[in-house]
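Participant: Pasting a structure here, questions to come.
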Amino acid sequence: IGSVWLDAEVPEAQVAGLAVGQPVSATFTTWPGRTFAGRTTVILPALERDTRTLRVRMEWPNPNGTLRPGMYAHVTLQKTENPDRLLIPSEAVIATGKRSVVIVAGDAGHFRPAEVTVGREDGGKTEILAGLQQGEQIVVSGQFLIDSEASLKGVLARMEKTGDQK
């Protein structure tokens with residue numbers, strides 16, 4: 068067999084960035100410690116309804132007949148990444164339901180919310196497409212406390228204004 072192919076089910080959260088021709092690697096149970104290089108040949112257009120996965124076909128050259136149909140494999144997709152894209156820890160993103168917000172550190176210990184457009188999320192990192200610039204400092208944890216304090220200050224300010232009107 069000159070080449071072998073494998074159909075894999077890729078979870079919906081990991082399909083962004085998949086492309087035909089993209090490199091893949093696999094380890095086979097029969098050959099522990101050995102990695103085989105292949106490529107993606109077909110990406111089906113629709114997700115499987117029950118599993119929310121996308122079927123992807125990959126192919127490996129097999130000049131020596133080492134690989135055989137029916138072998139079990141662990142496949143690693145080697146996605147091509149844009150090295151200039153902005154990635155932040157996913158926990159820094161506050162999803163309000165209508166929008167996504169990141170708390171940005173300003174001068175003199177002040178913070179401001181910044182509405183952001185998010186892209187892919189993978190491995191605890193979220194891609195930021197708009198609303199944040201490279202080099203800006205953000206709050207990664209504790210933003211709930213900042214948000215709570217800001218909300219409390221807003222309520223107190225409104226209460227003071229209401230008290231002045233009486």
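Start counting the sequence shown at 68; every next residue gets the next number (our numbering). Using N, Cα and C, we set each Cβ at its ideal position, and we do this for glycine too.
(1) Just verifying my parser: in three-state terms, what is the DSSP assignment at V222?
(2) Measure the C-alpha to C-alpha separation of L196 and A93 and round it to an integer number of angstroms.
(3) Report the option in P99, E76, G137, P130 whose CA atom is closest to the CA atom of D117.
(4) Since N114 and E158 should fall inside the 8 Å C-beta cutoff, what is the C-beta to C-beta distance between them, to a whole number of angstroms?
(5) Where V207 and V183 are concerned, what is the direct C-alpha to C-alpha distance, given to the nearest angstrom?
(6) Just to confirm my understanding: we take Q145, look at its own chain, exclude 5 residues before and 5 after, and list those with CB closer than 8 Å. What are they?
(7) So, helix, strand or coil for S157, using DSSP?
(8) By Cβ distance, which residues of its chain are closer than 6 Å to Y139, with the 5 residues on each side in sequence left out?
(9) By DSSP's criteria, A181 is part of a beta bridge. Which residues make up the other side?
(10) Relative to the alpha-carbon of G173, which residue among R106, A104, G84, E203 has its alpha-carbon at the smallest distance?
(11) Mapping the DSSP letters down to three states, classify E76 as helix, strand or coil.
(12) Does any C-beta atom of chain D lie closer than 8 Å to the C-beta of G164?
(13) Does the beta-carbon of T193 have 16 or more other beta-carbons within 10 angstroms, so that it is buried, or is it exposed?
(14) Helix or strand or just coil, what does DSSP make of A140?
Facilitator: Checking against the coordinates, here is how it stands:
(1) Position 155 of the sequence shown, counted from the start, is the residue given in the question as residue 222. In this prediction, V222 has a pLDDT of 46, which is less than 50 and means its spatial position is unreliable; what the coordinates show is noted afterwards. V222: helix per DSSP, three-state reduction.
(2) Residue mapping note: residue 196 aligns to position 129 of the sequence shown, counting from 1. Residue mapping note: residue 93 aligns to position 26 of the sequence shown, counting from 1. Cα-Cα distance, rounded: 32 Å.
(3) Within the sequence shown, numbered from 1, the residue matching residue 117 stands at position 50. Selected option, being the one with the closest Cα: E76.
(4) Here the question's residue 114 lines up with position 47 in the sequence shown. Here the question's residue 158 lines up with position 91 in the sequence shown. The sequence shown places Leu at residue 114, not Asn. The Cβ separation is near 27 Å, so there is no contact.
(5) Here the question's residue 207 lines up with position 140 in the sequence shown. Here the question's residue 183 lines up with position 116 in the sequence shown. Rounded to whole angstroms, V207 to V183 spans 15 Å at the Cα level.
(6) For the purposes of this step, residue 145 is identified with residue 78 of the sequence shown, where counting begins at 1. Excluding positions up to five away in sequence, the list reads Q89, P90, V91, S92.
(7) Position 90 of the sequence shown, counted from the start, is the residue given in the question as residue 157. Helix, per DSSP.
(8) What you label residue 139 is simply residue 72 of the sequence shown in a count that begins at 1. Result list for Y139: T96, in chain order.
(9) Counting from one through the sequence shown, the residue named residue 181 turns up at place 114. Looking at the DSSP output, A181 shares a beta bridge with V169.
(10) Locating residue 173 in the sequence shown gives position 106, where the first residue counts as 1. Among R106, A104, G84, E203, the Cα nearest to that of G173 belongs to E203.
(11) For the purposes of this step, residue 76 is identified with residue 9 of the sequence shown, where counting begins at 1. In the structure shown, the three-state DSSP call for E76 is strand.
(12) The chain inventory of the structure shown lacks chain D, comprising one protein chain alone.
(13) On the sequence shown, residue 193 is found 126 positions in, with the first residue counted as 1. With at least 16 other beta carbons inside 10 angstroms of its own, T193 counts as buried.
(14) Counting from one through the sequence shown, the residue named residue 140 turns up at place 73. DSSP, read as helix, strand or coil, puts A140 in strand.
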